Each structure stands twice: as structure tokens, then as C-alpha cells.
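Numbering (our numbering), first residue to last: 9 to 974. Every residue, glycine too, gets a C-beta built ideally from N, C-alpha and C. Owing to the predicted nature of the structure, the values given are computational and were not obtained by experimental measurement.
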């Protein structure tokens, strides 16, 4: 928006007094324009009004008087425009326009039209703005030609209009036309150029096709330099440049760089405008937002409190903006888990909203939702339900049932049910929401993208329900539907898409499709790096998740490296401990648990607990999780009393914190396991029954629950070797499952356990029947559970082994190995695969097929040396097995070599005087005798005798040779 720069031709017959008045008016206008540029708006207005009074004193100069009045009134409109008093600006523009028409001065008319268009753009009266600019440009092109500075003003405003209606490329073309004119002018370094640079910069941040924050900041820097050179450093235009630079940095997520820009702007504007100006309030709001996004929550609280205080002190406070500040303030309290304070602020917010705008408004409905969500986080679900119902009632009154607002209300209620693990109720609400959204979709209006994205969100929420119900295929389908919409409607690097990749990754993780999960997490990581930067907390979380995948793939070193990477990022980002750091410690504990490094496990779980205990309320459910982790570690260390004590502390929090019944049930089942390990059968059964009771409360009486109860009781009888009772209960569980809707995997598990019991009873034929029934069910599933199939192969193979059906055992062990290799190449390093190679070697040995046994043992050794410490006792046993093969193949030197390796490992692991080493030396002595080396044989037999009785070594006359496993 520009001031008038139209020249006037003075006439010879103007009196001396008239000339003096004209000169004084021009002088006042220049001074006022300078005051305006500095931001001293009231001084500028006072001077302009002084000029208007002087103009009235012009005698017999009606035309010159009207010209001066027209120009000054246009100047005054500019001041009101920058104060955002658009109605007053419009009134002064209208007076200027009428004077221009009265004078029939086409240039003054066009300037008034430019300024009115600028006001219309701000008030979104776009058609009126378009008409004004079209008329203005037509006038100017006719009078001034295409390269006049005044033409640049109109092109500039056309660019503003086009960008405001999302026609950014067209807007950029208009800006470019204006820019060429200004750059070609004799005096190119002008405030008009600085303003144009600023508006082009802003366009670069809102143009979806060509967002370029670096270009935007470069242009804003040029604008700042011009303004600073022309006006000095202490004025509102320089302050505006800092403000815009802060905004661009905020938009790109660089809040560390945004905050100092905002503060420079604030310092200047406070000095010029005082702390009661609306610009100051807007700045506090922007600074609060950046502090909040930068996780500087205490600073955000202080700034929002100051912002709210100033808003309430303003003579004409914007009640809608005050409500928004209340909501921002509450959001920070909620982020700090200070739910009580957050609810208190929201209740004030609701009171202000309803007092200012009435009870039944969209904003009131949203505030009720905010309060309800806070109650949910406190597990106060009854209070939350009341608030959600208030919100729904308002939306139904305003919009009727078939509306997005009502759909969203159903969605919020569904989310509350989800938090309570009331999955059926949650699903019902989400389906209500989805039905409305589907009815509203397909209409060709401006909100279609928003409607589709709302539908995507509902698909995602339904996916959450299925995920919690362990209906993983259904969850995956819903998450995929959500992602498909997001990929169509959002930028490919939107953080919402990253979240969908993460959820899909979680499903693949639980389906044990670790490669697919890793790919999803990598997609998520890529977006997080692009959106939030290489060292953001979001990136750290992605690294942690990938580390957990590596752990499942038994890539433990990679897992530790990834999680440590996450921890390093978080420590660099925050000097203080935080909950995300605690999660990393818990994850490291999990990995070290897999490595059986109990000392490190306990250390990391304790670090996690210490942080949570310091930052969270004493009844926070995360503390219960830590107690459970520590209890699990005590159990691993056989410290059963401490384990039960920790689980009891976990239970106390879960029950007092109103945790889900299913979580309480799981903890009772964990205590049951501890009692089972101590053979405390009665206590184990009591804990199991309590767990079942809570599970039934959580999910209702279902056939699957009764079957599960029989199944667990059968497990207890099996472990007590009460096989008849165990088989009876497994059969009851099986009968219940087969007579109702069931998961095939549960039926297969019953057959498998019955097979294990028959195998322990040495009823191998019956065992094989059950194992094969289990295998038939698992192999016919459309989505095969390869881990369960693998376990069944092993059960069948070991049964064949005990039947001495070695050929069938070899084939089945090999099937197991092949399946593991198909699942993932790294699975070959698993303990079960290594043992299977050893078992295949044993089978060939029993069949006297030593040439085939040898490569099986050698493969076993190869994998052991990669996976285990070189001094692991298992390696010693494999050396012995290889030695046996060489002996039968009459390769005695090689047999001696591997028996010596076995003895060396045993010496390093068990101590040099362990009896098994004496056996090895005796066996080596026998082999030396076999190849007619009596001297060497005698030495080895003497070593063996010395180990057995150092003070009186006696050589066995006929040493018993022992080969095979220890």
C-alpha cells in the first residue's frame, strides 16, 4: 500500500501565503512519512491532521486544495492500514477517491484504487480487489506506459491478491514484473523494493510446488539491509523484517533461530509502540509457539501468560484470540503432564468463550473436547465422557448429524474408549464417524482434501483398535488405507505420513516381518530427518525403533549402536534428562537382556526408572512399566523375592492409577511365572486365576478366555509332570476353541502342547500325530506364522530322534534350517539353527555316515565361532564331535588336533584341572596308541592321571574312550 507521489503544477498567480502553506504541507507530509516508517503512527496522524487544517487555509485555490487533501488523506489511510484498522483506512481511501474523481485526476484515482485493493485483500474481498487493480492498471498503462514506478505498485498488489487465493505461480509472475521495474529505476534501493522482497519471500514459504526457505531468508535479508540503510536500525519496518525472518525459521522448524529474530523485533517494537499494542501481543504469541515447539516449556508458559495478560488489558481485546491463547497455555501444561493446571486454564477458556460468543459455538465444542482429552490422560474417564457428550450435543445442534464436526465428536469418544481398552465401544464410535465421513466425501468443494484426510485419520484410529485387539491383518489394512489417502493429499515428506509408516512398521514388527518393519521405519526416519533435522527427537525415536528391529534380528551390536545414536542425539538436544532418554535406556536394557548381560540390563532399567521417578507423578503408568522391567531382570537373576516385590509395586500403581484391566492381568501372569520357576504351584495357580479374572473384566466372558484359562492350568500340570491332568485340560481348551469362532493359531498351540506331553511320556506315535495336526493348521494359513512352523519342525525332529528314526530327523532338521534361511539370512546365526546342524551331525553319526556327519559339525563350528566367544564350552563339545568323525574316517592326526582344541577350550573355561579335560587327554592317548606312538600316548595318559589325582597319579590300564556331546 503506497502513499501518493503525484506532482502538482503550481500557478504563477498563487499568493505568497499560498506558496508558504503548500511548502509547509509538503514539509509536514515528508516528516509524517518518516514518522510513519519509523512506527510512530500517532505522531504521523497528528501531523497529517495538522496538514489538513493548513490546506483549508488556502484561498481561491480549489483545485490545488483538493489535490493536497486527496494526497494527505491517502497518506492517512496508509497509517490506519498498518495499524490494522481497515475500516478507517477504507473510509479515508474513499474520501481520497471521491476527490480524485471530482478532480478527474486519473492517476490519483488509480492510486486510491491500489490502496483500496490492498484493504480488500486483507479483508478477503477478492473480487472487489481484482476489479480495483484491473481498473488501476488500465489507467496507469494508458497514461504512464509499462515501466513507470507506479505500475510496479499495481503489479505488486496483483501479486499479493493472486498469492492470497493460492495462485502462487501467477502471483510470482506479477511480483517479477514489479521487481524488474524497481531494479531498472535510477534509484533502485527504495522502501518499495524492500517491501516487494519481503512479500516475495513470504510467497516462497507458502508455494507448495516450490517452497524454498533459503531463498525466502535471503530476500528478507536484502529487505532488512535496505530498510536499515534508509531508516536506521530502530524502526518498525526493520522490526517487521526480523519478525518475518523469525516466522520463516519457525515454519521450517528452526525455532532456535526463530526465537532471537522475534526477540529483536520485540525489543524494537516495545520501545516504539509500548506494551499495549496488538503487534506486541502477536509477537508474544509467536515466541510462545516457538518455545513450545522447541520443547522450552517453562519459557513458553511465561510468554503465553504475558501474552494473555496483555490481551486482556487491551482496550479492544479480541476475544477469539484470547480464547486461542488460553488453549495454547493449556497445551503447554498438558505437555508437562500438569493436567490439573491445564484443565483449570481450559475451564477459564470455556467461560470466556461462552460469555463472549454464547454457549453453542464450534469453538466451545472444541474446548469441551480439549478438557475431555485432559481427563482421559488422568484416567478420569467418567468426567471425560461428560465433556465429550457436551461437545457432541453442541455439534448436533449447530450442524445436524451429517457433518464433519459430529463425525469428529464420535471419533473423539472412540479415542476415549480406546484409552480404556474398551475396544468394541471404540470401534462402534469410529465406525459412526467413518460412515458420516464416507457420506460427505465426493462432493466437489474446497474442503474435499480436508474431508479425505479426516477419513484417513479415522482409518488410522480403527487400525489402532485392531492393533490392540491383536487383529494385525485388519490393523494393517486400515493403516494402509490411511496411508494411501495421505500420499494422495499430502506432501510426500509430511510428518503425518511418517506416523503412518511408523504404525505399519509396528504391525510388521509384531508379525515378525522384520525386513518389512525396518523398511517402514527407514521411510519414517527419512521424513523425520527432512522435516525436523538430523538431530531432532523424532529422528532419535526412529533410530531407537530401528535398533529394536535389529535386536529382533539378533543383530545386537547394530541394535546397541542405533539406540546409542538416538541417545546421543537426545543428549545433545537437551542437557536435562527427559522421558525419551528414559525410553532409550529401557531399550538398551532389552537388548542387553538378549545378550544375557544381566548386570547391564539392571543398570539400564534402573537409569530409566530414576528418570521416570524424577519427572513423573508417583502413580504414572510408565513407572509401573519400569517396576515390571526391573522385576523381570530379578527373575532372570533368580532373585525371586525381589522380582515379586517389584511386580507388587507395579500392581499398586496399576490399580491406583486406574490402568486397564488387561495390564493388571498381565502383571499377575508375570508373578505366576515367577512362582512357576520356584515350583510354587498353588501360588502360581492363584496368580493365574487373578490374572484371568481381570482379563475377563477387561474383555468380558468369551470362549477364548475360558480356553486360555484351561491352557495355562494345563501348562502348570505339565511342568509338575502331571501329564494326565495336563492332557485333559489341553483337550478341554481345544474343544472350546473348535466349538466357537477361534484363531487357528490357538488351536495349533493346543495340538503342539499335547504333542510335547506325549513326547515326555515317550508316546512318540501320539506325539507325532499331534505335532502333524499342528503343522497342517499352520501351513494352511494364508499368512503363515513361520516362527510357529519352525518350532513345530523342531518338535517333530526331536521326536524322530528319540524314536531313533534318524533319516526322518535329518530331513526335518534341514526343513527347519531352510525355513529360517527363507525368513532372514541372519537367522542362520540363531542358537536353534546352530544346534540343528549339530543334531544333523549326531544323526549321521548314529547312522555311521561319518562323511556326512563331518560337514554338519563343521557348519555348526563355523557359526559358533562367529556367534560365541572362542572359549565357550559349546565349542569344545563341537571340537570333540569333529574329532570323533575324523577317528572313524581314519584321519587320526586331525582327530588328535581337534581333541586338543577341545581340551584347550575346557581348560580356559572350566579350569585346567576339570575332570573332562582328563577324559580328553586319555582319548588323545588312545589315538596315539592306535597310530603306534607310545611315547606321546604315555605323556597324554600321564597328564590325565595328574589331573584326576595330582598327588598320586595313576594311569588307567584301559581308559574308557568317550566321544560326543557333554
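Excluding residues up to 5 positions away in sequence, 552, 555, 556 and 571 lie with their Cβ nearer than 7 Å to the Cβ of residue 595 in the same chain. Per the coordinates, the alpha-carbon of residue 378 lies some 22 Å from the alpha-carbon of residue 307.
Residue 328 counts as exposed, since fewer than 16 other beta carbons sit within 10 angstroms of its beta carbon. As the crow flies, the alpha-carbon of residue 797 is around 42 Å from that of residue 540. Between the region 72-83 and the region 219-235 there are fewer than three inter-stretch CB-CB distances shorter than 8 Å, so the stretches are not counted as touching. The region 294-309 and the region 263-271 touch, with three or more beta-carbon pairs separated by less than 8 Å.
Distances from the CA of residue 60 to each of 37, 407, 50 and 45 were compared; the closest alpha carbon is that of 37. The continuous alpha helix (DSSP H) containing residue 45 extends over residues 24-46. The residue among 599, 241 and 544 with its C-alpha nearest the C-alpha of residue 578 is 544.
Under the 10 Å beta carbon count, residue 248 is surrounded by 16 or more other beta carbons and is classified as buried. For residue 372, the uninterrupted alpha helix (DSSP H) segment begins and ends at 370-385. Residue nearest to residue 481 within the set 189, 254, 519 and 468 is 519 (criterion: CA-CA distance).
If you look at residue 301, you'll find it in the alpha helix (DSSP H) that goes 286-301.
Within 10 angstroms of the beta-carbon of residue 856 lie fewer than 16 other beta-carbons, which makes it exposed. Pairing residue 417 with residue 476, the inter-Cα distance amounts to about 22 Å. Distance check between residue 490 and each of 502, 471 and 503 places 471 closest, using alpha-carbon atoms only.
Between residue 846 and residue 825, the beta carbon gap of about 12 Å keeps them out of contact (Cβ cut-off 8 Å). With contacts defined as CB atoms closer than 9 Å, residue 374 and residue 399 qualify as a contacting pair.
Between residue 407 and residue 413 a beta carbon distance of about 5 Å is seen, short of the 8 Å cut, so the two are scored as contacting. Every alpha helix (DSSP H) of 4 residues or more that sits fully in the region 59-99 is shown, in chain order, as 70-90. In the DSSP assignment, residue 806 falls within the unbroken alpha helix (DSSP H) covering 794-810. In the assembly as shown, residue 174 is an exposed residue. Its beta-carbon has fewer than 16 other beta-carbons within 10 Å. Where residue 178 is concerned, the enclosing alpha helix (DSSP H) starts and stops at 176-192. Taking 9 Å as the cut-off, the Cβ atoms of residue 137 and residue 115 do not count as close. Remark: fewer than three beta-carbon pairs, one from each stretch, lie closer than 8 Å, so the region 893-902 and the region 873-885 are not flagged as touching. Taking the Cα positions, residue 333 is about 10 Å away from residue 314. Excluding residues up to 5 positions away in sequence, 700 lie with their Cβ nearer than 7 Å to the Cβ of residue 717 in the same chain. Beta-carbon to beta-carbon, residue 322 and residue 286 are separated by about 7 Å, close enough to satisfy the 8 Å threshold.
Under the Cβ criterion (8 Å, minimum of three pairs), the region 151-160 counts as touching the region 192-206. Going by DSSP, residue 740 is part of the alpha helix (DSSP H) stretching over 731-746. DSSP assignment within the region 191-250 yields the following whole alpha helix (DSSP H) runs of 4 residues or more, N-terminal first: 199-214 and 221-239. Within the model, the alpha-carbon separation for residue 800 versus residue 503 is close to 42 Å. In this model, residue 806 and residue 779 are separated by some 11 Å (Cα to Cα). Per the coordinates, the alpha-carbon of residue 770 lies some 17 Å from the alpha-carbon of residue 733. Judged by beta-carbon spacing, residue 615 lies within the 9 Å limit of residue 593, meaning their Cβ atoms are closer than that value.
The beta carbon of residue 410 lies closer than 8 Å to those of 444, 447 and 448 in the same chain, with the five residues before and after it left out.
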